[in-house]
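Participant:
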Amino acid sequence: MTMHRGTAVLLLEDGRELAAQVALSKDGSGSWTGRLTVPPEARTPEILNLQEGRLRINSREATFVKTYAQMDAPSLRYWMEIEGTGDAPF
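For the sequence shown, the working numbering assigns the number 48 to the initial residue and increments by one for each residue that follows.
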């Protein structure tokens, strides 16, 4: 199993890029999953309602679907569990 923890860029449909923290893992078959966390100021309706997205780590991009999401109190950090839909970006 390969893991990646650190920063990533969430690529939004309108061209904006949002810094995020990730904790991702990839198994032997190449399937990847993990958690993506955005800071409190990024909790826009667009992010809260996101069902699928695109992620970039260094120069590699990948698509994902959101499988679960939650907001932590009192930090108000919003995180989502994601599942990759192609090659992992790490």
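Even for Gly, the Cβ is constructed at its ideal location relative to N, Cα and C.
Looking at C-beta atoms only, is the number of pairs between the stretch 80-98 and the stretch 64-71 that lie closer than 8 Å three or more?
Facilitator: yes
Participant: Could you tell me which residues DSSP puts in a beta bridge with Thr114?
Facilitator: None, per the DSSP bridge assignment.
Participant: Find out if the Cβ-Cβ distance for the pair Gly133, Thr110 is shorter than 8 Å.
Facilitator: yes
Participant: Out of Ala89, Leu65 and Asn105, which has the shortest C-alpha to C-alpha gap to Arg124?
Facilitator: Ala89
Participant: Would you report the Cα separation of Ala55 and Asp119, rounded to the nearest angstrom?
Facilitator: 20 Å
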